[in-house]
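*Asks:* Starting off with a structure, shown below.
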Amino acid sequence: MSPPRLRLALVVGLVLQLGAGIANVSEESDTEKFRTIQDAVKEEGTEGIVHEWSGMMVCCSASVMLALLVGNFLHVCEVSIISESSVIILVGFLLGLALPTDGSVLCWAMGSVDVETEGLVMATFLNLFLLPVIIFEAGWSMMHRDFINQLLTILTFAVLGTLISMVVVGSLILSTCHIHGICSARTAFTYAALISAVDPVATLATYAHLQVDPLLNIIVFGESVVNDAVAIVLFRVLNSSESFEDLSVGQVSGRIGSQTALLLFGSVGLGIALGFVLMLTTRFCRLADQTSPCVLFVFVSSFFIYCFAERVCSMSGIITVLFASMFASAFAREQFSAEATMFCAFALKQAATLADMVVFLFVGITAVYCDRRGLVFGSLVIAFCLLGRAAAVLPLALLTNGCKSVAGHSLSWEKSLRLNWKKIFMMWHAGLRGGIALVLTLELEPWVDEGSPGTRDTLRNATILIIVFFLLFFGGTTKVLLKCLGIPMEGKAKPMHIHHDTVWRCLHHIKYRVLSKALVPDSGKMNEGALPQLMADFAAVERKGSSASLPGGIRSSRLPVIPSQRSVDARRGDEMVSLFGMVDPLNANDSGSEADTNETEESGTETDE
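Just so you know, the sequence shown maps onto residues 8 to 616 in this note's numbering.
Right, dumping it as structure tokens:
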């Protein structure tokens, strides 16, 4: 067996062995692959394998480092027209052009790999090592109070919007089959389901940096998170090995609806249960007393939850991880020390950022693969996605505004906030595609090629083109459009206060009367550790004036001016987002206060114009 084939057998065997839960392989095939791995290791040797793969690591790590340097330079120069995700895609594209194997790092490292095998390896790598931490961080950093406030609006856009977009895009693909040659209804709607998964990572990064209107921010963020869950469930059902032939439209719709509901609600319930177990474990094992083990335990749990849901429970790992992290983060601030809370958020944020960069680097490298058929189909689907996004956002925005108008004074002030045409346009503009769509495309089963060989390659090339187009032309124009439309930024928008209505009171009661007794120790950890003491020293220095000194003889006059907590709260509202990508754990208070409970909004039904 030639060395390239040996290396290929080793890599494919290792990845398949690690991804057995996702690939759902049998025990017999596992044994056969394990023997292949042993034979390859004996003949090739560990030193040779490490030597071959070190070249790939040099290219990838150097590309990420270069993208970080370029992104930092653009940030210092205040160039917002080019997003960080666009930079990493461009760097990946240049790397793909420089490689001697038509844009394939894996081919360059292994010598000879076909497209199907590379897609399998990359899909398994993305699923096992990148997606869990990306999704876990999204749930961990979610602003729960604003999310619950706008939950009905978010669910309307995420669930109904995904269905509308899928129907519109799928129908347009079928109506233009004479141009691109994809005539299978199942293929069209399966691809429409996966391409309906929005991933506005560049838009949300700009929103967080500019502190845009909180209503627009939470709806775009919440819709993208829940939309991914709905799109993934629809895709998994349509992409399954079950045959939909010889079934009527009603039977197909019923099967899809039942399987989607089972997978969605089962994954949500499993995620909440695993989040409860996670917090219960950290409490009774006293992990919260030590920052480093606590942070590592939370980080590794994202991979465990994902693989446990996929392999053991046959549920959606992404949805399970999302809701497990949302549940866990709701109690982490009360159970963990201040240091553990902040470093957990920081570690997850940086890991998710690195994972996102690797995904976009892969997108840029594989963009070199795009052939003529993929370019034609991708160009058409870009137009279809824009039409589908408009068909979903505009009617649903009018529907939610109409429902809020009818409800009138029965709604609290923050729930009565309506979406004006500027925010509706920005919601349409935020319909970017990203890593989720790419991963789902790589998971397409062989049945896609049965009617038309080469369809999976076409769909993959089209997806890469769509991601690049949306990130370059939509992700980079967010700040410009926000300024042109006059949407409040830099904390000038009025914060959304919590008026504890019936739903919030029920959740508050469940959390603090039932769950907190099991998950939160009697003595909180927030007042322990060096960080709270250091912040208290700074506050004392601020009250005493510039002549005061900190412990150790440090004069306060030599320290930078730190705004008071009251001034910061007044400028940014009671939900302050820290540098760690989540609600500031030392200032945000999900438990609410009696003052908040009795507070009434003077503006009443005031809405944005």
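In this text, a Cβ means the ideal position worked out from N, Cα and C, and glycines have one as well.
Select from G461, L492, V366 and P495 the residue whose C-alpha is nearest the C-alpha of S70.
*Replies:* Reading the sequence shown from its first residue, position 63 is the one you call residue 70. Of the candidates G461, L492, V366 and P495, the one whose C-alpha sits nearest the C-alpha of S70 is V366.
*Asks:* For L269, is the classification buried or exposed, using 16 other Cβ atoms within 10 angstroms of its Cβ as the cut-off for buried?
*Replies:* Within the sequence shown, the letter at position 262 stands for residue 269. Exposed.
*Asks:* Does the Cβ of M64 have 16 or more other Cβ atoms within 10 Å, making it buried, or fewer, making it exposed?
*Replies:* Residue 64 sits at position 57 when you count from the first residue of the sequence shown. When all chains shown are included, M64 counts as exposed.
*Asks:* Once DSSP output is grouped into helix, strand and coil, what is the label at R440?
*Replies:* Here residue 440 refers to the residue found at position 433 of the sequence shown. Reduced to three states, the DSSP call for R440 is strand.
*Asks:* Whose CA, out of F476, V455 and I494, lies closest to the CA of F242?
*Replies:* Here residue 242 refers to the residue found at position 235 when the sequence shown is read from its first residue. The candidate whose alpha carbon is nearest that of F242 is V455.
*Asks:* Where does V219 fall in DSSP's three states?
*Replies:* Walking along the sequence shown from the start, residue 219 turns up at place 212. Three-state result, V219: coil.
*Asks:* Among W60, V176 and C84, which residue has its Cα nearest to the Cα of G385?
*Replies:* As a position in the sequence shown, residue 385 is number 378, starting the count at 1. Answer by Cα proximity: V176.
*Asks:* Could you tell me which residues DSSP puts in a beta bridge with V205?
*Replies:* Along the sequence shown, read from residue 1 onward, the residue named residue 205 stands at position 198. Answer by DSSP bridge pairing, in chain order: R440.
*Asks:* Would you say C392 and I471 are within 8 angstroms of each other, going by their C-beta atoms?
*Replies:* Taking the first residue of the sequence shown as position 1, residue 392 is located at position 385. Taking the first residue of the sequence shown as position 1, residue 471 is located at position 464. Not in contact: C392 and I471 (Cβ atoms no closer than 8 angstroms).
*Asks:* Just to check my reading of the structure: L424 and F477 have Cβ atoms closer than 8 angstroms, yes? What is that Cβ distance to the nearest angstrom?
*Replies:* One-based indexing of the sequence shown puts residue 424 at position 417. One-based indexing of the sequence shown puts residue 477 at position 470. The Cβ separation is near 27 angstroms, so there is no contact.
*Asks:* Taking only three categories from DSSP, how would you classify T267?
*Replies:* The residue you call residue 267 lines up with position 260 of the sequence shown. In this structure, T267 counts as helix in the three-state DSSP scheme.
*Asks:* To the nearest angstrom, how far is the alpha carbon of L479 from that of L522?
*Replies:* The residue given as residue 479 occupies position 472 in the sequence shown. The residue given as residue 522 occupies position 515 in the sequence shown. About 45 angstroms.
*Asks:* Are the CB atoms of I202 and G371 within a distance shorter than 8 angstroms?
*Replies:* If you number the sequence shown from 1, residue 371 lands on position 364. If you number the sequence shown from 1, residue 202 lands on position 195. No, Cβ-Cβ distance for G371 and I202 is not below 8 angstroms.
*Asks:* Would you please state the rounded distance, in angstroms, between the beta carbons of S274 and A316? I believe it to be under 8 angstroms.
*Replies:* Position 267 of the sequence shown, counting from 1, holds the residue named residue 274. Position 309 of the sequence shown, counting from 1, holds the residue named residue 316. So it is a contact: roughly 7 angstroms between Cβ atoms.
*Asks:* With a cut-off of 8 angstroms on the beta carbons, I'd call V383 and I141 a contact; round off their distance for me.
*Replies:* Within the sequence shown, residue 383 is the residue found at index 376, counting from 1. Within the sequence shown, residue 141 is the residue found at index 134, counting from 1. That pair is no contact at about 31 angstroms.
*Asks:* For W147, which residues in the same chain have their Cβ closer than 6 angstroms to its Cβ, ignoring the five residues on either side in sequence?
*Replies:* One-based indexing of the sequence shown puts residue 147 at position 140. If we look at W147 and ignore the five residues flanking it on each side, its Cβ neighbours are S332, S336 and L355.
*Asks:* Among the residues of its own chain, which have a CB less than 7 angstroms from the CB of T448, if the five just before and after it don't count?
*Replies:* Taking the first residue of the sequence shown as 1, we reach residue 448 at position 441. Hits under 7 angstroms: L201, L466, R467 and T470.
*Asks:* Should L294 go down as buried or exposed, given a rule of 16 or more other Cβ atoms within 10 Å for buried?
*Replies:* The sequence position of residue 294 within the sequence shown is 287, counting from 1. It counts as buried.
*Asks:* Pop quiz: F330 and G261 are said to be a contact at Cβ under 8 angstroms. What is the actual Cβ separation, rounded to whole angstroms?
*Replies:* By 1-based counting over the sequence shown, the position of residue 330 is 323. By 1-based counting over the sequence shown, the position of residue 261 is 254. That belief does not hold up - the Cβ atoms of F330 and G261 are roughly 26 angstroms apart, past 8 angstroms.
*Asks:* Could you give the DSSP three-state label for S344: helix, strand or coil?
*Replies:* The count along the sequence shown starts at 1 and reaches residue 344 at position 337. Of the three classes helix, strand and coil, the one that applies to S344 here is coil, per DSSP.
*Asks:* Are the beta-carbon atoms of I617 and L281 separated by less than 8 angstroms?
*Replies:* Residue 617 is absent from the model: the chain starts at 8 and stops at 616.
*Asks:* Taking C-beta to C-beta, are A399 and I171 nearer than 8 angstroms?
*Replies:* Here residue 399 is taken as the residue at index 392 of the sequence shown, counted from 1. Here residue 171 is taken as the residue at index 164 of the sequence shown, counted from 1. Contact flag set, yes.
*Asks:* How would you call H82, buried or exposed, if buried means at least 16 neighbouring beta carbons within 10 angstroms?
*Replies:* As a first step, residue 82 is located in the sequence shown; it is residue number 75 there, counting from the start. H82 should be labelled exposed.
*Asks:* Just the Cα atoms here: how many angstroms apart are V375 and P460?
*Replies:* Along the sequence shown, read from residue 1 onward, the residue named residue 375 stands at position 368. Along the sequence shown, read from residue 1 onward, the residue named residue 460 stands at position 453. Roughly 21 angstroms separates the two Cα atoms.
*Asks:* If you compare alpha carbons, which of C66, G99, S178 and D206 is closest to L445?
*Replies:* Within the sequence shown, residue 445 is the residue found at index 438, counting from 1. Per the Cα distances, D206.
*Asks:* In the structure shown, what three-state DSSP assignment does M322 receive?
*Replies:* Here residue 322 refers to the residue found at position 315 when the sequence shown is read from its first residue. DSSP places M322 in coil when its eight states are reduced to three.
*Asks:* Would you tell me roughly how many angstroms separate the C-alpha atoms of I189 and A414, rounded to the nearest one?
*Replies:* Within the sequence shown, the letter at position 182 stands for residue 189. Within the sequence shown, the letter at position 407 stands for residue 414. Computed Cα separation, rounded: 46 angstroms.
*Asks:* Between which two residues does the alpha helix (DSSP H) harbouring R463 extend?
*Replies:* The count along the sequence shown starts at 1 and reaches residue 463 at position 456. Counting along the chain, the alpha helix (DSSP H) containing R463 begins and ends at T462 to F480.
*Asks:* Which class does N246 belong to by DSSP, given the choice of helix, strand or coil?
*Replies:* By 1-based counting over the sequence shown, the position of residue 246 is 239. If DSSP states are grouped into helix, strand and coil, N246 belongs with coil.
*Asks:* Assuming S344 contacts T298 (C-beta within less than 8 angstroms), just tell me the rounded distance between them.
*Replies:* Looking up residue 344 in the sequence shown gives position 337. Looking up residue 298 in the sequence shown gives position 291. So it is a contact: roughly 7 angstroms between Cβ atoms.
*Asks:* Which residue wins for smallest C-alpha separation from N156, given the options K429, G229 and M349?
*Replies:* Indexing the sequence shown from 1 puts residue 156 at position 149. Of the candidates K429, G229 and M349, the one whose C-alpha sits nearest the C-alpha of N156 is G229.
*Asks:* Taking only the alpha-carbon atoms, compute the straight-line gap between Y214 and V259 and give it to the nearest angstrom.
*Replies:* Indexing the sequence shown from 1 puts residue 214 at position 207. Indexing the sequence shown from 1 puts residue 259 at position 252. Their Cα atoms are separated by approximately 40 angstroms.
*Asks:* Got a sec, what are the start and stop residues for the alpha helix (DSSP H) C410 sits in?
*Replies:* By 1-based counting over the sequence shown, the position of residue 410 is 403. Counting along the chain, the alpha helix (DSSP H) containing C410 begins and ends at R379 to A414.
*Asks:* Return the Cβ separation of C351 and V302 in integer angstroms, given the expectation that the two are a contact with Cβ distance under 8 angstroms.
*Replies:* Position 344 of the sequence shown, counting from 1, holds the residue named residue 351. Position 295 of the sequence shown, counting from 1, holds the residue named residue 302. Sure, about 5 angstroms apart at Cβ, within 8 angstroms.
*Asks:* Hey, quick one: how far does the alpha helix (DSSP H) through G188 stretch, first residue to last?
*Replies:* The residue given as residue 188 occupies position 181 in the sequence shown. Segment: none, G188 is in no alpha helix (DSSP H) and carries neither H nor E.
*Asks:* Run through DSSP, which three-state label would I89 get?
*Replies:* Residue 89 sits at position 82 when you count from the first residue of the sequence shown. Coil at I89, not helix or strand.
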